[in-house]
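Note sheet for the following structure.
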């Protein structure tokens, strides 16, 4: 059981500091956990984006190769070159140019036109299906295949009319590939398909070798939810069956990132959907972040905080222990030792009461006065004993002479003896009120005066004890009131912090809305400016068309003049043929045909000239309308710029308000914490005051053995007894 004030003060203070350190450690742990999660997820997102970019680059390279092959073959056939042997040679050059391309191919349609000629690369059904593949050693191998109309590479591009990339699949040689299939067009009509096969094995191996976050994994999912890259090769081309399957499916559908928790090893899985130019589908990069990546920094922060807190606690307890011993414990021990010595009858050792102006110093001063009074009483007792011995000697020498006064002397000695016995027992109310012989009157008066002075001294000590106890009671009451008010203030501050948090969230929502509006206005401004550029190019194109129409009109006029001259020459030729008679008859027929042809040419030139005039008029109308559109777009751009500036001002103001509210909320939160700390300190002060009151009660018990006039000092344990004693 703790008995000393200093020990109680140490216990209360140590408990309070330990509580604060525990709360601070918990707060630091939560903050470190949140910060670590944000940083790790941001880094994981960045790594997933890098992986998706790497995959997209490889896919884009392959789709570009397929598109280039289809365009080259289409141009080759449109140019009049239809040799199948030449096409086979062209396809052979594609795969060696691209590391990720496994094979290149072309096929004509099963039921469509066959624009190529020759017997090369025909399959069993007689359809042109050349296919070049690249081996692991880089050597090219040639083959053909049988077309299955339901296969994705064949049916999908014919249905959509666009290039597609198929879902990944395993070949007969257990190679993981995907195909790029592009329609071949000749004069606008689809006459076949061309494309490349992309080998995904190297990409899969590269991804599975990545181990981010010291133990993490990088994987790849296809659009149908099948694994394209996985550390366990047995899972390749199998459906995703781990935790969060519904989230993975949703991510592939809407293209938004998902974070999956609850994996068996405690890891967090990041699903990052992506696509690329030329891809008609969505794949997803999957990145597993080990649980240790989140927990290790948090435990390190907790360890550092605990070590620092223990050091602070030890230093604070040492300082408080030293201060309490020097300022409270040591003075009280000195007072207690002095009182115990006086209670044992030792009144010779002085009490040092200098150098301290507080209640303990006043108590020491009162005890020093009390010691002087007790020492004086002891001296009087010694003198009385000496006097009694002298009287006894005189009585023996003058027995006969003092016989008359013997009774008075005996009575006086008995009275003195009884009074000193009462005084020795602690009764300070004793007085010599009996009538004595005149020669003993001085002794009686001195005895009564000494005892009265001693009684006053003890009474002063009792009053000092009461004053200290009363002051401690007031301190305790004030501390309780202060604690209650501090708790009320802490509750009010907590409500204020909560209200500020709601306001801050509202302002943040406003700021986010303003930022979204700002981005929308920027996009609208950009689109409007692009529209203006398109209008300008349209005006230039129509102007060029108008110029071309003028040139065509000039050409038509030349054709008209040629037709007129031809008609005139044919007429002259007919006249000359008529003059020639039968010999020129056949020539006359030819001249007539030439004349009719010239007339038809002139008529056609006239019709074309009319159409060109009409086209020029319509082009001019289009130019005017486009110019009006450009003016309207310019006005729209100006208004969009003005609205963008206004939205920028709104966003800036909302952000400033959000920042200010966050600062106010942080300050209120800090005030709340300080108020709670003040409440803890008030409770510690109350506990210390109660401990000092207990020590004061002990001192009151020590001085209570002395009896005082009107009431005994032992009854001074209550305010009523103290008033009676005064």
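Residue numbers (mature numbering (1 follows the signal peptide of the UniProt record, and there is no 0)): -18 to -1, 1 to 708. Glycine is no exception: its CB is placed at the ideal position from the N, C-alpha and C atoms.
- [ ] For the alpha helix (DSSP H) containing residue 133, list its first residue and its last residue.
- [x] Where residue 133 is concerned, there is no enclosing alpha helix (DSSP H), given that its DSSP letter is neither H nor E.
Open item on the list: According to DSSP, simplified to helix, strand and coil, what is residue 709?
Closed with: Here the chain covers residues -18 to 708 and nothing more, so residue 709 does not appear.
Open item on the list: For residue 197 and residue 477, I'd like the C-alpha separation in whole angstroms.
Closed with: 45 Å
Task: Straight-line Cα distance separating residue 663 from residue -4 - done: 11 Å
Task: CB contact below 8 Å: residue 52 versus chain B - done: The chain labelled as chain B is not found in the depicted structure, where only one protein chain is given.
- [ ] Have a look at 623, 542, 523, 671 and flag the residue whose alpha-carbon is nearest the alpha-carbon of residue 601.
- [x] 523
- [ ] State the beta-bridge partners of residue 256 as determined by DSSP.
- [x] 265
Open item on the list: For a test of your reading of the model: does the CB of residue 684 fall under 7 Å from any non-hydrogen atom of the ligand HEM? Yes or no.
Closed with: Among the components modelled here there is no ligand, and therefore nothing to report on the ligand HEM.
Open item on the list: According to DSSP, simplified to helix, strand and coil, what is residue 594?
Closed with: helix
TODO: Rounded to whole angstroms, what's the CA-CA distance from residue 71 to residue 59? Just pull it up for me.
DONE: 14 Å
TODO: Return the residue from the list 21, 228, 5, 660 that minimises the CA-CA distance to residue 469.
DONE: 660
Open item on the list: Tell me the rounded alpha-carbon separation between residue 689 and residue -6.
Closed with: 40 Å
Open item on the list: Going by DSSP, what residue range makes up the alpha helix (DSSP H) through residue 234?
Closed with: 227 to 236
TODO: Could you say which of 224, 665, 574 lies nearest to residue 467 if we only look at CA atoms?
DONE: 665
TODO: Output the distance between the C-alpha atoms of residue 432 and residue 359, rounded to the nearest integer angstrom.
DONE: 7 Å
TODO: Assign residue 420 to one of two classes, buried (16 or more other C-beta atoms within 10 Å of its C-beta) or exposed (fewer than that).
DONE: exposed
TODO: Run the CB neighbour count on residue 582, radius 10 Å, all protein chains shown included, and call it buried at 16 or more, exposed below.
DONE: exposed
Task: CA-to-CA distance, residue 255 to residue 23, given in whole angstroms - done: 16 Å
Task: Inter-residue spacing [alpha-carbon to alpha-carbon] between residue 285 and residue 656 - done: 25 Å
Task: Validate contact between the stretch 441 to 453 and the stretch 634 to 644 using beta carbons, cut 8 Å, 3 pairs - done: no
- [ ] Consult DSSP for residue 41 and reduce its assignment to one of helix, strand or coil.
- [x] helix
Open item on the list: I'd like to check one pair, residue 99 with residue 65: are the Cβ atoms closer than 8 Å?
Closed with: yes
Task: Separation of residue 674 from residue 473, as counted between CA atoms - done: 31 Å
- [ ] Could you tell me which of 94, 142, 371, 232 sits nearest to residue 207, measuring between CA atoms?
- [x] 232
Task: Collapsed DSSP secondary structure at residue 418 in the structure displayed - done: coil
Open item on the list: Can you look up residue 76 in the DSSP assignment and give me helix, strand or coil?
Closed with: coil
Open item on the list: Assuming residue 185 is part of the alpha helix (DSSP H), what are its boundary residues?
Closed with: 183 to 190
Open item on the list: Strictly by DSSP, which residues pair up with residue 203?
Closed with: 209, 266
TODO: Let me know the secondary structure DSSP gives residue 120 once reduced to three states.
DONE: coil
Open item on the list: Going by beta-carbon coordinates alone, are residue 269 and residue 178 separated by less than 8 Å?
Closed with: no
- [ ] Could you tell me whether the Cβ atoms of residue 164 and residue 48 are closer together than 8 Å?
- [x] yes
TODO: Could you tell me which residues DSSP puts in a beta bridge with residue 195?
DONE: Paired residues: none, contrary to the question.
TODO: Would you check if the stretch 40 to 47 and the stretch 77 to 91 touch, i.e. whether three or more CB-CB distances between them fall below 8 Å?
DONE: yes
Task: Exposure of residue 87, with buried meaning 16 or more beta-carbon neighbours within 10 Å - done: buried
Task: Closest residue to residue 202 among 155, 252, 147, 246 (Cα-Cα distance) - done: 252
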